[in-house]
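Listed in order, the protein sequences are those of chains A and E. Residue 308 in my numbering sits at position 308 of the first sequence, with consecutive numbering throughout. Residue 1091 in my numbering sits at position 91 of the second sequence, with consecutive numbering throughout. In this text, a Cβ means the ideal position worked out from N, Cα and C, and glycines have one as well.
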Amino acid sequence: MRDPLPLTPRVLRVRATDYLFATAVTLLAFAVAVAADRYFSAANLSLILLTAVLAVAIRKPMAVAVYTAVLCFLGDNFFFTPPRHTLAIDSIDDVLAIGLFLIVALVCSRMATRLSSQVVSLQVAQRRARTLLQLGQQLAAAADTAAIREVATLALTRVAGATASMRPADPSRSGPSLSEPSFSEPSLFSEPRAADQGGEWIIPLRVGAHHHGSVVFASGVARDLNADQRELVLTMTQDIALALERDRLAQELEQSRVQGETERLRNALLSSVSHDLRSPLASMIGAADTLAMYEAQLPQDERRQLLQAILHEGQRLDRYIQNLLDMTRLGHGTLKLHRDWVDATEVVVAATDRLRRFFPELVLQTVLPHDTVLLYVHPALIEQALFNVLENAAHFSPPGEAVRVVVSVADEQLLIDVIDRGPGIPPDERARIFDMFHSVSRGDRGGKGTGLGLSICRGMIGAHGGSVEVLPGDGVGTSMRITLPLPPAPETIA
Amino acid sequence: MNPSAPRVLVIDDEMQIRRFLDIGLRAEGYQVLQAANAAEGLALAATQSPDLVILDLGLPDREGHEVLAELRQWSAVPVLMLSVRNAESEKVRALDNGANDYVTKPFGMQELMARLRALLRHHPIAGPADMPPLYDDGQLRVDLVRREVSLAGSEVALTRKEYAVLALLLRHAGRVVSQQQLLREVWGATHVQDTHYLRIVIGRLRQKLGDDPGAPRWLKTEPGVGYRFLEGQDR
């Protein structure tokens, strides 16, 4: 892992073996030419030597090709062209020969070099593209800032062949002051800045005005890399900066969403407290005050009415407070499920018992399963959830009409249907009634609740993996269904 | 005031609660002692020997559980706790520490008075020895000596566990028995977490006795806490 990726091929460098090869080829050509001397004219022997120049030129760098050309010309001039065994250039033929040798060497060598460098740069580009693609995939898969930094560090370390580290953004430098020159946009052409950082290679990670820290390589790393590798590292840091920016934007979006939600809930809570908690208090204070002032002159019947009002409003207030407490527990995630085995019937009976106490006039019909159906739930929460649905039904049930509670088992699920004959819920509101403070949001029409009850019900049932929904029904009244998953039957006893 | 009327000690720091309990209890013919904190309450319990103690679990100077524990070191007086809703574990803990029953704040007078009557009926805390050996309300007849149960004259065949649960509840008739106590005494200490045993046995008992859980005549569930055997006037 310490070696940089080989992006520069060795074939472009001139080495001593290349000259040996050229010399050997030249000698071979001369051997052939000497053997052919007695059968061919001198001009044709030159062609044999030219073949040697050609052979070297397409394989070796230009300097070696020129070296071969000169060698061949000198040999040709000395051995084969008249006057033989002299190096004198005394005819236009000699000039033509040296020119031809050199042209062949230069042209062929140039073409071969270009071809091979094209192949090499294609390989480099492919490797580069693969590296960037891989990095892109890893960055896209990274779930958070820490994961992005880890992926980035690994990839940069592999490409540069030296340990890369991520330096977080300096908080004191955040904001507009970032425009200082040392943190300019990483450019494809920027040279490593080594001078003022103790030799470290520092590449800032910046998108627009947002600084995401920097990538740091140890001193000397920048010098050891070639231009292609440096460029690749810079391109990678740009991708990394973009990934960090994307992550930051996603976080900001989520945060503002949560803040908006919290703000909305707080407003609704305030209006709930002022409206729904104060109305029972107003009734209680008013009734008690009336009693205190006029007790002697009031007929017994009216005194009893006032006392009943104080009692009922007090109970109502207690239920609202319970709902608010439940809501804060649900909202803060402090709700811990203390699961226990409990007979579904017992939970339903506990809720209907409590309802009867608060609505003594209500006609309540209960259909319970014949056998014991065991739930593994937090009993008090399920009871509260069911109570809230029942209370809602009781509020909207017309006098004399029954509220029906039907408990049944289907498909490993417990179904609790609460059916009233009240005004019903329009189809487009059926999902929204479970929103927090829904009844408050439609003004005084609901009037009798904090609008918390059903959303608490959904929260509590949801915490047990169940669901609450409004069934389409038969057009009259409302059918609400609580669905709870049934656990696998526990080991039984003899 | 009738000097032989039962004396009830109320230990609660809320003055308004003490006041209406005082008025209500005296209206029912009890004598009332009041204490605003644990120290005062324990002193009164020691010197005045009340017949019953109403103890709030949230006191300013000491935790209600501690007061209960100290009281139990030297007194077997029936203790009724005042507890807040959603504190089932608190109620169970207090019951296991020797409290005899509880009511949940806010509570109604009717409920409180029914509990007090049940507690005073069986005072001192009844052991199996001084239990009436026979329960008979005309419908249900349980002979604790011969271990026979009959419903409207015809015998009901109960398993050993079913009978043990029924007998235990009957011995504490009118008072709540925590599910831990039931499990410990009927199934043994290793099974106090196996509440599903209890649920199934109670379900079968109800079926065999024809007791409608929606409107129980004998076996009442106290959600999250335990069960109570209902006697005549508490239904």
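Outcome for residue i when other beta-carbon atoms lying within 10 angstroms are tallied against a minimum of 16
i               : result
H338 (chain A)  : exposed
S117 (chain A)  : exposed
D1056 (chain E) : buried
D18 (chain A)   : buried
W201 (chain A)  : buried
L1095 (chain E) : buried
K336 (chain A)  : exposed
D1061 (chain E) : exposed
S1083 (chain E) : buried
M1015 (chain E) : exposed
Y541 (chain A)  : This structure cannot speak to residue 541 (chain A), because chain A is shown only from 1 to 494.
R458 (chain A)  : buried
G1029 (chain E) : exposed
T81 (chain A)   : buried
I1011 (chain E) : buried
Y39 (chain A)   : exposed
W1074 (chain E) : exposed
A489 (chain A)  : exposed
E263 (chain A)  : exposed
F217 (chain A)  : buried
Whether residue i touches residue j by CB criterion (8 Å)
i               : j               : result
V1092 (chain E) : P1050 (chain E) : no
G466 (chain A)  : N323 (chain A)  : no
V64 (chain A)   : V120 (chain A)  : no
V107 (chain A)  : D228 (chain A)  : no
V377 (chain A)  : R430 (chain A)  : no
R1141 (chain E) : S1154 (chain E) : no
L1009 (chain E) : V1053 (chain E) : yes
V159 (chain A)  : V70 (chain A)   : no
F73 (chain A)   : I98 (chain A)   : yes
L317 (chain A)  : L277 (chain A)  : yes
V207 (chain A)  : A169 (chain A)  : no
I482 (chain A)  : V389 (chain A)  : yes
CB-CB length for residue i against residue j, believed under 8 Å
i               : j               : result
R404 (chain A)  : I419 (chain A)  : 4 Å
T478 (chain A)  : A393 (chain A)  : 7 Å
M236 (chain A)  : A155 (chain A)  : 6 Å
A1114 (chain E) : N1097 (chain E) : Actually they do not touch by this definition, with Cβ atoms about 23 Å apart.
A250 (chain A)  : I148 (chain A)  : Between I148 (chain A) and A250 (chain A) the Cβ distance is about 11 Å, and since that is not below 8 Å, they are no contact.
A1099 (chain E) : V1079 (chain E) : 5 Å
A1036 (chain E) : D1013 (chain E) : 5 Å
CB contact check: residue i to chain E, cutoff 8 Å
i              : result
R442 (chain A) : Per-residue confidence for R442 (chain A) stands at a pLDDT of 44, beneath the threshold of 50, marking its modelled position as unreliable; no derived number is given.
G447 (chain A) : Summary for G447 (chain A): the model assigns pLDDT 48, below 50, so the residue's position carries little reliability; its value from the coordinates is reported in the next sentence. It does not; no Cβ of chain E falls within 8 Å.
E295 (chain A) : no
L368 (chain A) : yes
P490 (chain A) : yes
D340 (chain A) : yes
L178 (chain A) : Unreliable positioning characterises L178 (chain A) in this predicted model, as indicated by a pLDDT of 40, which lies under 50. The coordinate reading is nonetheless provided below. Closer than 8 Å: no.
D343 (chain A) : yes
P379 (chain A) : yes
E401 (chain A) : no
V349 (chain A) : yes
D318 (chain A) : yes
CB contact below 8 Å: residue i versus chain A
i               : result
T1195 (chain E) : yes
G1188 (chain E) : no
A1023 (chain E) : Note that residue 1023 (chain E) corresponds to Ile in the displayed sequence, not to Ala. Answer no: the Cβ-Cβ gap between I1023 (chain E) and chain A never drops below 8 Å.
A1129 (chain E) : No answer about A1129 (chain E) holds up, because its pLDDT of 45 lies below 50 and its placement is not dependable.
G1210 (chain E) : no
R1199 (chain E) : yes
V1103 (chain E) : no
E1088 (chain E) : yes
G1058 (chain E) : no
T1221 (chain E) : yes
G1226 (chain E) : no
G1174 (chain E) : no
G1214 (chain E) : yes
G1064 (chain E) : no
P1106 (chain E) : yes
Residue i beta carbon near the ligand NAD (any heavy atom closer than 7 Å)
i             : result
T68 (chain A) : As far as ligands go, the structure on display features none, and thus does not contain the ligand NAD.
With contact counted as at least three CB pairs below 8 Å, one residue from each stretch, are the stretch 1175 to 1182 of chain E and the stretch 1154 to 1161 of chain E in contact?
no
At a cut of 8 Å, does the stretch 407 to 414 of chain A reach the stretch 360 to 374 of chain A through at least three beta carbon pairs?
yes
With a threshold of 8 Å, are at least 3 pairs of Cβ atoms found where one atom belongs to the stretch 135 to 147 of chain A and the other to the stretch 79 to 98 of chain A?
no
Validate contact between the stretch 1103 to 1113 of chain E and the stretch 1184 to 1201 of chain E using beta carbons, cut 8 Å, 3 pairs
no
Closer than 8 Å is the cut-off here; do at least three beta carbon pairs connect the stretch 343 to 355 of chain A with the stretch 1212 to 1231 of chain E?
yes
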